[in-house]
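Numbering follows my numbering, in which position 50 of the sequence shown is assigned residue number 937; successive positions increment by one, without gaps. A short write-up of the structure that comes next.
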Amino acid sequence: MFGFVINKLKNRKWLNLCLLMGVALFIALFVCHPMFEKGAGNQILDRLFTDHATQQNEFPAQMSREGTYAVADYPDSQSVLDKLSGYEKKWTEYVDINKVSSQQLITLSGGRADTEFGGLNNYFTIGYLPGLSEYADVVKSQTDTATFECSISEKTMDHYGLVAGEKIYLHVPDGSGKKEISFVISQICSEKDINNPYWAKTLSDMGDVIFVSQDVFDEMMQYYSEDNISYSDFLMLDYRQINTENASLYDGYMEQFKDADKLYNDNIRDTLERFFTQQKTIKLMLWALELPCLVLLILFIRMISAQILSLEENDILVLRSRGATKLQVFILYLQQSGIIAFAGCVLGIVLGYIMCRAAASTDGFLRFTAKDIGTYRFVWQMLVYAVAAAVIMVLFITVPVWKKSKDAISERSRERISKKKPLWEKCFIDVILLALSAYLLYNYNKQKSTLAISVLENRSIDPVMILDNSLFIFAAALLCVRLTGLIILLVDRLFKKHFSPAMYASFLQLKRTRYNQGFLAVFLIMTVAGGIFDANMARTMNSNMEKRIVYNVGCDAIYNEDFRLRIQKNKDGSVNWMYDEPDFGKYESLKNEGICDGVTRVLEDERVDISAGSGSISDAYLMAINTKEFGETAKLQSDQNDDINDAHWFNYLNELAKEPDGVIISSNLAKALGLKVGDSLNYSRYVPEAVDDDQIYASENAKVCAIVKGFPGYERYTYETDAEGNVTEQEKYLIVANYATVVEKFGMTPYSVWMNLSKGKTVDDIYKNLTSAQQLIDENKNSATVQITNGMFTLSFILSLIVCSVGFLLYWVMTLKQRELQFGIYRAMGMRMREVKAMLLNEQIFLSFLPLLAGAGIGITATAMFVRLISIIYLPQKHNIGVNVYIYPSDMLELTGVLFVAVAVCYVVISRLLKSMKIAQALRLGEDS
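Have a look at this one:
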């Protein structure tokens, strides 16, 4: 039996190889899912931890415990430290992650103290920090063996005006009253590397602690009548070892730690909660993006398997006539499909791994790179997915055999001449699905703002929103098949009397087989339309993201300078403050060195009050600029269709340059306060937050000299998230003033340095820690969501080209083979070869060219209807630049070129087959059949 199955496969090796290709691609796409899901999940986790470290300025994976112990239970420092180490050991028994560092601090409450050089009644705490000598540098030191030695931080030194060698007289309770203990400041310390994971609490965070040795600390415990000793313990873990496999397990353990110990805390669970939410979105997105491609491959496999089954109808009938039961025939073909599925499974796993790695390496549509994709590795779930896909393929290929296992040849004959209208056409399924797709599109468009907010709040997306375009393409394909049939009937009725014999035979064939040929039309339409939509969706997403980033940054690169704030408290309670400006000359020299074409200061303040008439606005956004330098440096990214503003933005700079006290304002600010060009307004600024949170220190009157809709670096819409994770949209109001005027009226305040790089120069030629548009674009391209979308759209587009070309060519070659007898009869009746070719060309026009054109039209229509809606997933924020649809001619040319080559090759192959056809052999074939 097995040998018989192998011989059957060999007899139609080319068809079976094409079927194997389809099965292997289906399994490969299937096994891509777990690898892509896990890889993207690990990438998201790494990004979330990194973002947390940047935004919160703390190590992103730390467990901590802060509280007090009774001195009666823990009489010395070592017993407390041992207890804390016990907690750390227990935590890491469950959360099995390598320890990066650990910071333990124990303190006594201290008391009031006087200092040697005049400080009175200052409060100090006595502390022991085991890692101080290892992780801190000594800035200044002086020893004195006559008193207890201590160390203080630079912040404590600055705050109290202390110096090395100065004595501190600490008044501590000893049970009978207060006793004075003398300390000498032997060391003033600062962190060796403040970014070292050890510094969960920096020296500045520890407050007014005087650090002593362990021996001194133990001795101090004897002087105190305190009942408790305070402690803090921070354990830093290697967050790179948290991945999609163990994240849920570790999250559960940490929840149990918190339930069992109210003093326990960590900053990992919040990150994991955000990860779980994004992971759900990734899963849904993957299935939504994969499903159309899987359907396309199923159509391809169905087309090939149907052709094979059609060619083997005689074999099935012979087997049945010789006594084989339906079950035996079914088992025979089950073995045949099982061999193909097994081979496809082996190939599919390897191919799936390669496809996933290739898709993960993209940083744009059809743009493969050599970037690090280490998070995308082989996972055991791929084997399970491969087996599941193989089983699906076996059933999909084998089940139709059961219907073909007829008991009599008459049944086959009746089946062949059957002209039943398909069920979908009878029930108008195409119209119903098209109406459903339109209804979903209408509803989603009405909910755009709600959908955008839900994306910003990291809620799961609705996968139907992504799949609706595939539903539209499928329904439109069915409708086109219906209309093509009607067109065939209409043309036949109008011109039947004028047809030549060849054309008459061609239309007769079209009418008889139009229901059977509809499958090819649907396949071609979905392939072409899907490829066009995928290309346009990817291009639109990437182009809009890049343009928004370029607009938001406003120039090539920005450096945020460090300004030192000096605060002086006066005896009357008032406060004087000023900023020390860094050397700006080092940036101006970049122009002389040919690195930058433009460099300028841009003073920014987002806490500005504006009033005009009876109206006022709070928290407006002030930009103070030098108009000439700013024009040479900044860039305004325009909209695709026209400029954002009514005139070129240089015109507004010119108006500002004419008015030293003038301002440019945003259109929403003008509308809110009822302002127009020439009106006056007043704007006020607040003192630095380090001085006072809510104190205005100066105001200035200004004349409105221009009103703009967009300006370099100005984002009109901002989004704020409350404690419960709810996102609200707010408008930002812009006011642009002259830099010299602002500094004169308000004094020097921090500014950022904007740079326009010379051609061929990058940020690497300047300084580190620059914010550049290109860096932000690269980071965005490497985000998991964008990477998945680019990767899947690229794979879908490439698979569409391959499947469409192979399927189209194979279908027509096999159709010609099946009609060999018919063509032989036509030739025997006197039909010339030129007429046979004309007949086939006419059939290709209706069965291939029309569907291909319809596919192109449907793809462009789907682009216009759905791209802006689906873009909400990637671009949920409102912006000065709206979402524009981008259609790259190169993508359309690639698709058209591949299809043209496929059609041309198909026609050449058909012509050669016709020339090689022997009439006598064809007629003898008819006699044998």
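Beta carbons are placed, not taken as given, at the ideal position from N, Cα and C, and that holds for glycine. Fair warning: this is a prediction, and the values are worked out from it, not measured in the lab.
**Request:** Could you tell me how far apart the beta carbons of P1287 and L1196 are, in whole angstroms, since I believe they sit closer than 8 Å?
**Result:** Between P1287 and L1196, the beta carbon gap of about 6 Å places them in contact (Cβ cut-off 8 Å).
**Asked** For D1443, which residues from the same chain have a beta carbon less than 7 Å from its beta carbon, with the 5 sequence-adjacent residues on both sides left out?
**Response** M1642, N1643, L1644, S1659, A1660.
**Prompt:** In chain order, what residues of the same chain have a beta carbon less than 7 Å from the beta carbon of G1518, not counting five sequence neighbours either side?
**Reply:** In the same chain as G1518, and ignoring 5 residues on each side of it, the C-beta atoms closer than 7 Å to its own belong to F1537, L1540, in chain order.
**Prompt:** What separation, rounded to the nearest whole angstrom, lies between the Cα atoms of H1046 and S1073?
**Reply:** C-alpha of H1046 to C-alpha of S1073: approximately 18 Å in a straight line.
**Asked** On the three-pair Cβ rule with 8 Å, is the segment 1214 to 1234 touching the segment 903 to 918?
**Response** A contact exists between the segment 1214 to 1234 and the segment 903 to 918.
**Request:** Assign I1497 to one of two classes, buried (16 or more other C-beta atoms within 10 Å of its C-beta) or exposed (fewer than that).
**Result:** It is buried - the Cβ of I1497 has at least 16 other Cβ atoms within 10 Å.
**Request:** To the nearest angstrom, report how far apart D1548 and S1525 are at their CA atoms.
**Result:** Roughly 28 Å separates the two Cα atoms.
**Message:** Less than 7 Å separating the Cβ of P947 from some heavy atom of the ligand COA?
**Reply:** Of the ligands one can find in the structure shown there are none, so the ligand COA has no counterpart to examine.
**Message:** Checking 8 Å against the spacing of the C-beta atoms, do K986 and T979 come in under that value?
**Reply:** Their beta carbons are under 8 Å apart, which means K986 touches T979 by this criterion.
**Item:** Where the alpha helix (DSSP H) containing Q965 begins and where it ends
**Value:** Start and end: 964 to 981.
**Message:** Is it buried or exposed, P1738, if we count other Cβ atoms within 10 angstroms and call 16 or more buried?
**Reply:** So P1738 counts as buried.
**Item:** Which of helix, strand or coil DSSP assigns to Q1524
**Value:** DSSP places Q1524 outside both helix and strand once states are collapsed to three, so it counts as coil.
**Asked** Measuring CA to CA, which of K977, A911, N1729 is closest to S1387?
**Response** If we check each option's Cα against that of S1387, N1729 comes out closest.
**Request:** Taking I1068 as the reference, give the member of T1034, E1078, P1084 with the closest Cα.
**Result:** Closest by alpha carbon: T1034.
**Request:** State the start and end residues of the unbroken beta strand (DSSP E) segment that holds W1699.
**Result:** First-last for W1699: 1671 to 1705, but that is the alpha helix (DSSP H), not the beta strand (DSSP E).
**Request:** Ignore the nearest five residues each way along the sequence and tell me which others in R1301's own chain have a CB closer than 7 Å to its CB.
**Result:** Here R1301 scores only 46 on pLDDT, less than 50, and its place in the model should not be relied on; the value that follows carries that caveat. Cβ neighbours of R1301 within its own chain (closer than 7 Å, five residues either side excluded): none.
**Request:** Write down the C-beta distance between A1389 and M1718 rounded to the nearest angstrom, noting that I regard them as a contact closer than 8 Å.
**Result:** Yes, A1389 and M1718 are in contact; Cβ-Cβ is about 6 Å, under 8 Å.
**Item:** Span separating the alpha-carbon of I1296 from that of L1198
**Value:** At I1296 the pLDDT is 45, less than 50, meaning the model places this residue with poor confidence; the figure from the coordinates comes in the next sentence. Looking at the two C-alpha atoms, the distance is approximately 15 Å.
**Item:** Continuous alpha helix (DSSP H) assignments of at least 4 residues falling wholly in the segment 1081 to 1130
**Value:** The qualifying runs are 1101 to 1110.
**Request:** Drop a sphere of 10 angstroms on the beta-carbon of L1136, count the other beta-carbons inside from all chains shown, and report buried for 16 or more, exposed for fewer.
**Result:** By the neighbour-count criterion, in which 16 or more other beta carbons inside 10 Å mark a residue as buried, L1136 falls on the exposed side.
**Asked** Assuming V1415 and A1743 make a contact with CB atoms under 8 Å, what is their CB distance in whole Å?
**Response** With a Cβ gap of about 6 Å, V1415 and A1743 count as contacting.
**Item:** Under the three-state DSSP convention, the category P1442 falls into
**Value:** Reading off the sequence shown, one finds Cys at residue 1442, where the question assumed Pro. In the displayed model, C1442 falls within coil according to three-state DSSP, outside both helix and strand.
**Request:** Starting from the N-terminal side, write out each stretch of the alpha helix (DSSP H) that is 4 residues or longer and does not extend beyond the segment 1334 to 1368.
**Result:** Correct list: 1335 to 1343.
**Distance, M1280 Cα to T1608 Cα** = The straight-line gap from Cα to Cα measures roughly 47 Å.
**Request:** To the nearest angstrom, report how far apart P1469 and A1557 are at their CA atoms.
**Result:** Going by the C-alpha atoms only, they are around 35 Å apart.
**Request:** Would you mind working out which of T1649, S964, N1669, M1352 sits nearest D1484, comparing C-alpha positions?
**Result:** Here the closest residue by C-alpha is T1649.
**Item:** C-alpha gap between D938 and F946, whole angstroms
**Value:** The alpha-carbon atoms of D938 and F946 are separated by roughly 10 Å.
**Asked** Could you check where the alpha helix (DSSP H) with E1722 kicks off and where it finishes?
**Response** Under the DSSP assignment, E1722 falls in the alpha helix (DSSP H) whose first and last residues are 1720 to 1731.
**Prompt:** What do you get for D1613, buried or exposed, if any count of 16 or more other CB atoms within 10 angstroms of its CB means buried?
**Reply:** Note on residue identity: the sequence assigns Asn, not Asp, to residue 1613. An exposed status is given to N1613, since fewer than 16 other beta-carbon atoms sit within 10 Å of its beta-carbon.
**Cβ shell of E1053 (< 7 Å), same chain only, five flanking positions each side left out** = Cβ neighbours of E1053 beyond the five flanking positions: T1002, E1003, F1004, I1072.
**Prompt:** Pick from V1182, I931, R1706: whose alpha carbon is nearest that of K1167?
**Reply:** Measuring from the Cα of K1167, the nearest candidate turns out to be I931.
**Prompt:** When the Cα of F1680 is compared with those of S1393, G1048, A1245, M1726, which residue comes out closest?
**Reply:** Ranking the options by Cα distance to F1680, first place goes to A1245.
**Asked** Rounded to whole angstroms, how far is the Cβ of A1247 from the Cβ of G1678, which I believe are closer than 8 Å?
**Response** About 6 Å separates the Cβ atoms of A1247 and G1678, confirming a contact at the 8 Å cut-off.
**Request:** Could you check the C-alpha separation between K1724 and S1798 for me, to the nearest Å?
**Result:** A straight line joining the alpha-carbon of K1724 with that of S1798 spans about 7 Å.
**Inter-residue Cα distance where the pair is E1298 and Q1194** = Legend: pLDDT at E1298 = 47, less than 50; position of this residue unreliable, value from coordinates given subsequently. Linking E1298 to Q1194 through their CA atoms gives a straight-line distance of about 19 Å.
**Message:** Please report the distance separating the alpha-carbon of I1277 from that of V910.
**Reply:** For the record, residue 1277 in the displayed sequence is Ala; it is not Ile. Near 8 Å, if we compare the C-alpha coordinates of V910 and A1277.
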